[in-house]
Each structure stands twice: as C-alpha cells, then as structure tokens.
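A.B. asks:
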Amino acid sequence: MTATHEVTNQVPLPYGHDTAADPTLLAALHRAGAGWAEPELRDLGRLAGSEQAADWGRLANENPPVLRTHDRFGHRIDEVEFHPSWHELMRTAVSYGLHAAPWRDDRPGAHSARAAKFFVWSQVEAGHTCPISMTYAAVPALRQNPSLAAELEPLLAATEYDYGLREPRTKRGLIAGMSMTEKQGGSDVRTNTTTAVPQSDGSYRLTGHKWFTSAPMSDLFLTLAQAPGGLSCFVLPRVLPDGSRNRLHLMRLKDKLGNKSNASAELEYDGAVGLLVGEEGRGVPTIIEMVNMTRLDCTIGAAAGMRYGATRAVHHALHRRAFGKALVDQPLMRNVLADLVVESEAATAVAMRLAHATDLTLAGDGNEALVRRLGLAVAKYWVCKRGPAHSAEALECLGGNGYVEESGMPRLYREAPLVSIWEGSGNVAALDALRAMAKRPETIEAFMGELDAAAGADRRLDAAVAGLRKQFSDPTDLEYRTRRLVESMALALQGSLLVRYGSPAVADAFCASRLGGDHGAAFGTLPSGVDTAAIIDRARPVPA
1 MTATHEVTNQ
11 VPLPYGHDTA
21 ADPTLLAALH
31 RAGAGWAEPE
41 LRDLGRLAGS
51 EQAADWGRLA
61 NENPPVLRTH
71 DRFGHRIDEV
81 EFHPSWHELM
91 RTAVSYGLHA
101 APWRDDRPGA
111 HSARAAKFFV
121 WSQVEAGHTC
131 PISMTYAAVP
141 ALRQNPSLAA
151 ELEPLLAATE
161 YDYGLREPRT
171 KRGLIAGMSM
181 TEKQGGSDVR
191 TNTTTAVPQS
201 DGSYRLTGHK
211 WFTSAPMSDL
221 FLTLAQAPGG
231 LSCFVLPRVL
241 PDGSRNRLHL
251 MRLKDKLGNK
261 SNASAELEYD
271 GAVGLLVGEE
281 GRGVPTIIEM
291 VNMTRLDCTI
301 GAAAGMRYGA
311 TRAVHHALHR
321 RAFGKALVDQ
331 PLMRNVLADL
341 VVESEAATAV
351 AMRLAHATDL
361 TLAGDGNEAL
371 VRRLGLAVAK
381 YWVCKRGPAH
391 SAEALECLGG
401 NGYVEESGMP
411 RLYREAPLVS
421 IWEGSGNVAA
431 LDALRAMAKR
441 PETIEAFMGE
451 LDAAAGADRR
461 LDAAVAGLRK
471 QFSDPTDLEY
481 RTRRLVESMA
491 LALQGSLLVR
501 YGSPAVADAF
511 CASRLGGDHG
521 AAFGTLPSGV
531 DTAAIIDRAR
541 PVPA
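Taking the working numbering, the leading residue of the sequence shown gets 1, the next gets one more, and so forth.
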C-alpha cells in the first residue's frame, strides 16, 4: 500500500523513565528517616517507568476478572479468574513490601518507605493496589485478637505472593480483603443486618449479605456482623482448616466506572465461619484503625494519580509542537502545566507527612497521633476530591490523543473518583474531621501546632491560618459548612508543608493561588510572576 503521509510531531512513548525520581517524594522519604529505602525505591521506580510494567497495567484492565461460581460439575467454587498481568502486578507489589511488610520491619520510617513505594507503583496500575492496601490495613485490626494475629500476621507480611484458594496456614503468603457495607446502609455500618451466632467451639456462624466486598479473591476478610453483644468485627477465611470452602458465596462482580482490573463483589454469608476480632459490640472501634490505614492509602493513591497525570502532560508538552513552537513554550500551556504540578506536589507532601505521622504514632508519639487522626480525615477529603478535576485537565493537555484509550489517560480519569468514595465519600470524611475535633478538642491544638511551625514564613499562609482560627471560633451552622472548614484546613496544611520543605517556586505559587486567592476556578489560572519553568522542570520525566 502506498504511503499517504509521513508521521511527524507525534510524542515518543513515555517509557524508560525512573518514576521514583520525584524531588518532593524523595525529600519526604529522607525527612522521615527512611533514606535507607531509596535504592529499592529507585529500582521499583525504574520498573514502574518501563514499557513492560505499562503493558501489565494495560492488559490487566483490558482483561478484567471473571467470576466462576460453579465448576463444570455443578459444585460451588466461588473463584475469580485474573489475567496473568494482574498476578505480575501483585507479585511485584508484594515482593517490594507494599502490603503488610512494614508491620514486621523495625527500621525507622518503615511505613514512610512503604508509602513511597506504594506511591510509585500505583502509577503503573491503581486497581491491584486495593488488595495490597486491604492487607496493609488488616494487621492493626487483627492485633485485637493476639492469638489470631500471631498465626496470620507473619503470612500477611510475607513477601511472597501465593495466589489460590487453600487453607491459610498452608500458604507462603496471604492477602486480606474487607467486607463491611450492606445494601441498606453503605457507610452507615451500624444499620448492618448480618448476624453472627456464637458456637460452642468459640467461632461464630455469620448469615447475611455484603453489598461491596473489596478484593473477593482474598484469603481472608475482615467483616462486621451483629453478635449478641452488638455490632462486632470478625475475620472469615475463604478456606477452613479441614480444606473445605467457607460458606461465603460470590453472587456477582460489580461493573464499575473504573478500577476494572480489580474485582469487587456482592457476597452472601450462609452460615459462614467467622472468628471474633476484639470484643463483641466493639466492631466499629476495632475496625477504625483499618479505616485510618486505608484512608492513608486513598490519599497516597490520589497523589500518585496526580503525579502520573502531571508528568504525562509535561512529557507530551515537551515533545509536541503547535503554532510554531513546542507546547511547553506556549505561555498559557506553561500556566496549565505549572498549576498541575503545584497541585500534585501539595498532594504528595501531605500524603507523605501523614505516612511519617503513622511511623511516629506507632513509636508512641502522642502529639503525632493527634495530628494523624485529624490530618487523615482532612487529607482524605481534600486530596481525593481534587483528583478527578486534575486528571481531566491532564488528559486535556494531550488533546484528542489523551481521549483515546491507548494513551492511558482515560483509565486515569475513570479511576480518579474512586478514592474519594472508598472508605467514606466526601461528606463522610469531612464529618469525621468534625467528629474528631468535637470528641477530642486537643486534635485542633495539635493540628494548629503543625501549621504554626511555618509561622512568619509567608504572609499569605499566616493570613490563611488566622482565618482558619476564626472559622474554628464560630459555631454557627458548623455542620452545614463543614466542607468549607475542612478545605481550609487542608489548604493550610499543604501550604505549611510546602513553605517549610518544598521548592520555593512551588510554595510561592501555591500560597499565591490557593491561599492568597489569586487564582481562577480552573487549572491554568496561576497569577503572573510565577516561576513556571522551575515548577514544570520538577515534573520532567527522568530517564531510568
């Protein structure tokens, strides 16, 4: 066939880069005392920036999981089949300790190191990070049953991915899921109707339904059910000690907007065997630490998506020409790109700060525990809320090419709303921040102490912190205006972190636009005088 045109002005494939070469991420890693993890992080970053890893992510989404409820003879099996690329993603995540490995690691900053790796590897494919996050979050809840934790925790923390339904204690490594919400309640888990009947051997039999079950192919699940003493937390293995399948039936998989590679299911418990975790009637307090851990991962995941979108937009603009010069040299495009990078770095800074607070909390720092308690709810609300708008703008930077599936940007766009819904949508997260402040007023003092660490460094930040104090002092319609209050808290926290630790150009742009009000309603409306070149350069992909 005769060639009809020559292909020019197309952008090279965005592969062969070190995804971990992120100045904000690396600086936060070292501040947390986890510099020891940088060599392994950079190894993972080079893999994350490879064409091979990109193909794993693409294929896992183009070939979503399939539910097999019965075998060919009619026996109930309740298995989920995945494409081999899914297993490659999972194997990599587990081998690098993105799951529960930090719980067995005594090195300083172990959770910050894990957060950095989670941030980097999430940029390859977000769906598989759901079971990875669930496994990470399951450990603190399981520790409410010390004997059970002693058996399961080493397997949950093992760096071997051992897929397949077998009795947990016979496997080299385990993956955990979570099954909380029901049709009638959603986030209002106190309305759950699933029942748990105690047995003479100390176990319980659970009967009821679950409307959303994360990672239904997992080896075990944490779930909530109504025991005689009230709503309680249980762990349910998929396979019982005698090798039989637990009576936990997968009814169907959810057909979701995004997150296509990952399975989410509706379940029925038909007298399923469960083991109590914590005390009867203490289900919500038992599970809350798991929720806090997954909220941390929601924030990290949202920040990772923003970093991916910003770097892809910058990569495109560096190589694409329009109207006589490279896109990156067009003043308006520079405004858009810089704005995307500012948002991305603010998200990364707060996500890593909360990972560091997790390390310090686990080490017994009471003030850090307060900062973390309030900061997680605030960041979960705001950072996750910003993701969809950010991904839409990043996609638009690629023009029509960005709207085509082959670019990978539509997958980013479809994925972006998930973390704002998972573990409590916007209102739930915002009201949780309000509840934390009402129940423990000392969280406000600790949070404001974090902001005050940057006092005097930027007049716009100082004004924002003063305005926040004024909002705290006004009890009028507090619940009605909770979103505005929590947004102000998040922006002040991000500004404080960027002023203290970030690039001067990024900090100045953030304070001028987000705190000083010199910004429009859309991305790409930064004020004049911003050092866009210095900001954009921070998102330039670094060759591996």
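Here a beta-carbon is modelled for each residue, glycine too, at the ideal position from N, C-alpha and C. Given the structure is predicted, the values throughout are model-derived calculations rather than measurements.
1. Using beta-carbon positions only, say whether I597 and T135 come within less than 8 Å of one another.
2. When you compare only the Cα positions, how much space is there between L526 and G305?
3. Go ahead and pull the three-state DSSP assignment for L337.
4. If you draw a straight line from the alpha carbon of T4 to that of A28, how long is it in whole angstroms?
5. What's the gap between the Cα of V378 and the Cα of L493?
6. Looking only at its chain, what residues have a beta carbon closer than 7 Å to the beta carbon of A338, apart from the 5 residues adjacent to it on each side?
7. Opposite R245 in the DSSP bridges: which residues?
8. Can you give the Cα-Cα distance for G402 and A539, rounded to whole angstroms?
9. Considering only the alpha carbon of each residue, which of H99, S112, V486, G49 lies closest to T348?
10. Does the count of Cβ pairs from the region 11-27 and the region 40-53 closer than 8 Å reach three?
11. So, under 8 Å CB-CB, M290 and A429 are touching, yes? Tell me the CB distance rounded to an integer number of Å.
12. May I ask which residues mark the beginning and end of the alpha helix (DSSP H) holding S85?
13. Quick one: what's got a C-beta closer than 6 Å to E151's C-beta in the same chain, skipping five residues either side?
14. Ordered along the chain, which non-local residues of its own chain (more than five positions away) have a Cβ less than 6 Å from that of M178?
15. How long is the line joining the alpha carbons of D462 and T443, rounded to whole angstroms?
16. Would you list the residues sitting across from R76 in a DSSP beta bridge?
17. Three or more C-beta pairs under 8 Å: does that hold for the region 263-283 against the region 361-380?
18. Can you tell me which of V94, D188, W211, K183 puts its alpha carbon nearest to the alpha carbon of L155?
19. Select from A433, M437, E393 the residue whose C-alpha is nearest the C-alpha of F523.
20. With a cut-off of 8 Å on the beta carbons, I'd call L267 and K210 a contact; round off their distance for me.
21. Verify the contact flag: V341, CB atom, against every heavy atom of the ligand NAD, threshold strictly below 7 Å.
22. Between M217 and V80, what straight-line distance do the alpha-carbon atoms span, to the nearest angstrom?
23. DSSP three-state label for T299, please.
24. Report the start-end ranges of each beta strand (DSSP E) in the region 152-237 that is 3 residues or longer and not cut off at the edges.
25. Let me know if Y480 comes out buried or exposed under the rule of 16 or more other beta-carbons within 10 Å of its beta-carbon.
26. Can you tell me the Cβ-Cβ gap for P14 and H315, rounded? I've got them flagged as a contact below 8 Å.
27. Report yes if the CB atom of L374 is closer than 8 Å to the CB atom of F447, and no otherwise.
28. Less than 8 Å separating the beta-carbons of A302 and G387?
29. For G449, report the span of its beta strand (DSSP E) as first-last.
30. Measuring only the C-alpha atoms, how far is F212 from G258?
31. Can you tell me which of Y308, I288, W86, D106 puts its alpha carbon nearest to the alpha carbon of E62?
32. Per the contact definition of three or more C-beta pairs closer than 8 Å, is the region 101-119 in contact with the region 344-361?
33. Can N9 and R320 be called in contact, C-beta distance under 8 Å?
34. So T159 and G109 are supposed to be a Cβ contact under 8 Å. How far apart are they, rounded?
35. Quick one: grab the DSSP three-state call for K325.
36. Looking only at C-alpha atoms, which of L165, G186, S344, L431 sits nearest to G502?
C.D. replies: With the structure as the only source:
1. The structure shown does not extend to residue 597, since the chain spans only 1 to 544, so no value can be given for it.
2. Working through the sequence shown from its first residue, we reach residue 526 at position 526. Working through the sequence shown from its first residue, we reach residue 305 at position 305. For L526 and G305, the distance between alpha carbons rounds to 21 Å.
3. Your numbering for residue 337 matches position 337 in the sequence shown. Judged by DSSP in its simplified three-state form, L337 adopts helix.
4. The residue labelled residue 4 in the question sits at position 4 within the sequence shown. The residue labelled residue 28 in the question sits at position 28 within the sequence shown. Separation of T4 and A28 (C-alpha to C-alpha, rounded to the nearest whole angstrom) is 51 Å.
5. The residue given as residue 378 occupies position 378 in the sequence shown. The residue given as residue 493 occupies position 493 in the sequence shown. Spanning the two alpha carbons is a distance of roughly 9 Å.
6. Residue 338 sits at position 338 when you count from the first residue of the sequence shown. A509, L526, V530, T532, I535, I536.
7. On the sequence shown, position 245 is the one that residue 245 refers to. Residue pairing by DSSP places R245 opposite V239 in a beta bridge.
8. Position 402 of the sequence shown, counted from the start, is the residue given in the question as residue 402. Position 539 of the sequence shown, counted from the start, is the residue given in the question as residue 539. Rounded to whole angstroms, G402 to A539 spans 18 Å at the Cα level.
9. Within the sequence shown, residue 348 is the residue found at index 348, counting from 1. Taking each of H99, S112, V486, G49 in turn and checking the Cα distance to T348, the smallest one comes out for S112.
10. Touching, yes, given that three or more Cβ pairs across the two stretches are closer than 8 Å.
11. Counting from one through the sequence shown, the residue named residue 290 turns up at place 290. Counting from one through the sequence shown, the residue named residue 429 turns up at place 429. Contact doesn't hold; Cβ gap of about 15 Å is too wide.
12. Your numbering for residue 85 matches position 85 in the sequence shown. That run of the alpha helix (DSSP H) goes 84-95.
13. Here residue 151 corresponds to residue number 151 of the sequence shown, with the count starting at 1. The beta carbon of E151 lies closer than 6 Å to none in the same chain, with the five residues before and after it left out.
14. Along the sequence shown, read from residue 1 onward, the residue named residue 178 stands at position 178. So the list reads M134, S214, L222, once near-sequence residues are dropped.
15. Taking the first residue of the sequence shown as position 1, residue 462 is located at position 462. Taking the first residue of the sequence shown as position 1, residue 443 is located at position 443. The alpha-carbon atoms of D462 and T443 are separated by roughly 20 Å.
16. In the sequence shown, counting from the first residue as 1, residue 76 sits at position 76. According to DSSP, R76 shares a beta bridge with H70.
17. Too few Cβ pairs lie closer than 8 Å, so no.
18. Locating residue 155 in the sequence shown gives position 155, where the first residue counts as 1. When only C-alpha atoms are compared, the closest one is V94.
19. Here the question's residue 523 lines up with position 523 in the sequence shown. Out of A433, M437, E393, E393 has the C-alpha closest to the C-alpha of F523.
20. Stepping through the sequence shown from its first residue, residue 267 is reached at position 267. Stepping through the sequence shown from its first residue, residue 210 is reached at position 210. With a Cβ gap of about 4 Å, L267 and K210 count as contacting.
21. As presented, the structure is devoid of all ligands, the ligand NAD included, so that no description of it is given.
22. Here the question's residue 217 lines up with position 217 in the sequence shown. Here the question's residue 80 lines up with position 80 in the sequence shown. Rounded to whole angstroms, M217 to V80 spans 6 Å at the Cα level.
23. Position 299 of the sequence shown, counted from the first residue, corresponds to residue 299. Three-state result, T299: helix.
24. The region 152-237 contains these whole beta strand (DSSP E) runs: 176-179, 195-198, 204-214, 220-227, 230-237.
25. By 1-based counting over the sequence shown, the position of residue 480 is 480. Exposed.
26. Position 14 of the sequence shown, counted from the first residue, corresponds to residue 14. Position 315 of the sequence shown, counted from the first residue, corresponds to residue 315. Yes, they are in contact, since the Cβ atoms of P14 and H315 sit about 5 Å apart, within 8 Å.
27. Start at 1 with the first residue of the sequence shown, and residue 374 comes out as number 374. Start at 1 with the first residue of the sequence shown, and residue 447 comes out as number 447. Cβ atoms of L374 and F447: closer than 8 Å.
28. Along the sequence shown, read from residue 1 onward, the residue named residue 302 stands at position 302. Along the sequence shown, read from residue 1 onward, the residue named residue 387 stands at position 387. Judged by beta-carbon spacing, G387 lies within the 8 Å limit of A302, meaning their Cβ atoms are closer than that value.
29. Mapped onto the sequence shown, residue 449 falls at position 449. Here G449 belongs to no beta strand (DSSP E); instead the alpha helix (DSSP H) covers 442-452.
30. Indexing the sequence shown from 1 puts residue 212 at position 212. Indexing the sequence shown from 1 puts residue 258 at position 258. Between the alpha carbons of F212 and G258 lies a distance of about 15 Å.
31. Within the sequence shown, numbered from 1, the residue matching residue 62 stands at position 62. Distances from the alpha-carbon of E62 to those of Y308, I288, W86, D106 put W86 closest.
32. Result yes; three or more Cβ-Cβ pairs closer than 8 Å.
33. Against the sequence shown, residue 9 aligns to sequence position 9. Against the sequence shown, residue 320 aligns to sequence position 320. Their beta carbons are under 8 Å apart, which means N9 touches R320 by this criterion.
34. The residue given as residue 159 occupies position 159 in the sequence shown. The residue given as residue 109 occupies position 109 in the sequence shown. Under the criterion of beta carbons closer than 8 Å, T159 and G109 do not qualify as touching, at roughly 18 Å.
35. Against the sequence shown, residue 325 aligns to sequence position 325. Correct three-state label for K325: strand.
36. Looking up residue 502 in the sequence shown gives position 502. Per the Cα distances, S344.
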